[in-house]
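Report on the structure given below.
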Amino acid sequence: MRFGALEILTNDEVYEPRGDSFLLAEFLEGMKDLGDVLDMGTGSGIQALVASKNAKNVLGVDVNPEAVKLARKNAKINGIRNASFVVSDLFENVKEKFDLIIFNPPYLPVDDKIKGAEQWSCGKNLEIIKRFARDAKNHLKENGNILMVISSITGLKGVKKIFEEFEFKVEAVGKKKIPWETLYILEIKIKS
Ligand SMILES: C[S@@+](CC[C@H](N)C(=O)[O-])C[C@H]1O[C@@H](n2cnc3c(N)ncnc32)[C@H](O)[C@@H]1O
Numbered sequence: 001m002r003f004g005a006l007e008i009l010t011n012d013e014v015y016e017p018r019g020d021s022f023l024l025a026e027f028l029e030g031m032k033d034l035g036d037v038l039d040m041g042t043g044s045g046i047q048a049l050v051a052s053k054n055a056k057n058v059l060g061v062d063v064n065p066e067a068v069k070l071a072r073k074n075a076k077i078n079g080i081r082n083a084s085f086v087v088s089d090l091f092e093n094v095k096e097k098f099d100l101i102i103f104n105p106p107y108l109p110v111d112d113k114i115k116g117a118e119q120w121s122c123g124k125n126l127e128i129i130k131r132f133a134r135d136a137k138n139h140l141k142e143n144g145n146i147l148m149v150i151s152s153i154t155g156l157k158g159v160k161k162i163f164e165e166f167e168f169k170v171e172a173v174g175k176k177k178i179p180w181e182t183l184y185i186l187e188i189k190i191k192s
């Protein structure tokens, strides 16, 4: 598939970019001077590839090794040299701090355990989002921020509450209604 000038290879084992991916990628395209960027849950690498145009360096991570392989391939075929990819369960294998962390998380509040469920299931009590919020601050530079997609199905209030508990402030900076849900782009900053 194509996203603007980018060619993005897909396969059955990795989340194929769709509405939520495109909403975030389009927002990201409008941002300049991104500095050092982390793309959490990179999947095909779409966000990392888009960010790479305006970033110093991009690190894409995913818990799914097949996603990491695919994202590397996608960077290569698009001639992108400032993006690298590693397997990591959230921040487990991430040591650095970033100016921007992008996250299009698995956002359905279900406990699915079937193969591939990491693509959509964040746990009934939003466990993935809670673990991410708990550790994100240790990986943000001063004035760094987070850009994240969620759905009305995830629950905007609940997600805001999680980040507020970890002393972030949350603002919805983008919104798109589709037949079965509303997607939100959240800008999340450390409370000053
Ligand atoms: C909704 S997909 C988004 C993929 C891609 N960023 C996009 O925008 O199309 C969520 C991604 O998060 C990854 N993921 C799920 N749990 C994770 C975890 N604990 N640590 C890292 N990545 C995870 C999934 O493998 C999947 O690639």
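Take 1 as the starting number for the sequence shown in this note's numbering and just add one per residue. Every residue gets a Cβ at the ideal spot worked out from N, C-alpha and C, and that includes glycine.
Does the separation of the CB atoms of residue i and residue j fall below 7 angstroms?
{"i": "SER44", "j": "ASN82", "result": "no"}
{"i": "ASP39", "j": "ILE80", "result": "no"}
Taking the alpha carbon of residue i as the reference point, which residue from the options has its own alpha carbon closest?
{"i": "ILE185", "options": "GLY79, SER21, GLU16 and MET1", "result": "SER21"}
{"i": "LEU183", "options": "ILE46, ASN11 and TYR107", "result": "TYR107"}
{"i": "ASN11", "options": "GLU66, ASN54, ASP99 and LEU24", "result": "GLU66"}
{"i": "GLU165", "options": "ALA48, SER121, LYS137 and PHE91", "result": "LYS137"}
{"i": "ASP33", "options": "ASN57, VAL87 and ASN93", "result": "ASN57"}
{"i": "ASN143", "options": "LYS169, PHE132 and VAL63", "result": "LYS169"}
{"i": "ALA133", "options": "GLY116, VAL159 and GLU118", "result": "VAL159"}
Does the Cβ of residue i lie closer than 6 angstroms to at least one heavy atom of ligand 1?
{"i": "GLU142", "result": "no"}
{"i": "VAL87", "result": "no"}
{"i": "VAL94", "result": "no"}
{"i": "LEU156", "result": "no"}
{"i": "ALA83", "result": "no"}
Once you ignore the five residues that flank residue i on each side, which residues in its own chain have a CB closer than 7 angstroms to its CB?
{"i": "LYS124", "result": "PRO109, VAL110 and ASP111"}
{"i": "ARG18", "result": "none"}
With a threshold of 6 angstroms on Cβ separation, who are the neighbours of residue i within its own chain once the five nearest residues in sequence on each side are excluded?
{"i": "GLU16", "result": "THR10"}
{"i": "ASN54", "result": "LYS32 and LEU34"}
Spatial neighbours of residue i within its chain, please: C-beta separation below 8 angstroms, excluding the five flanking residues on both sides.
{"i": "ASN104", "result": "ASP20, SER21, LEU24, GLY41, GLY43, GLN47, MET148 and VAL149"}
Q: Just list the alpha helix (DSSP H) runs in the region 91-175, keeping only unbroken ones of 4 residues or longer that don't cross its boundaries, in chain order.
A: 127-136 and 156-165
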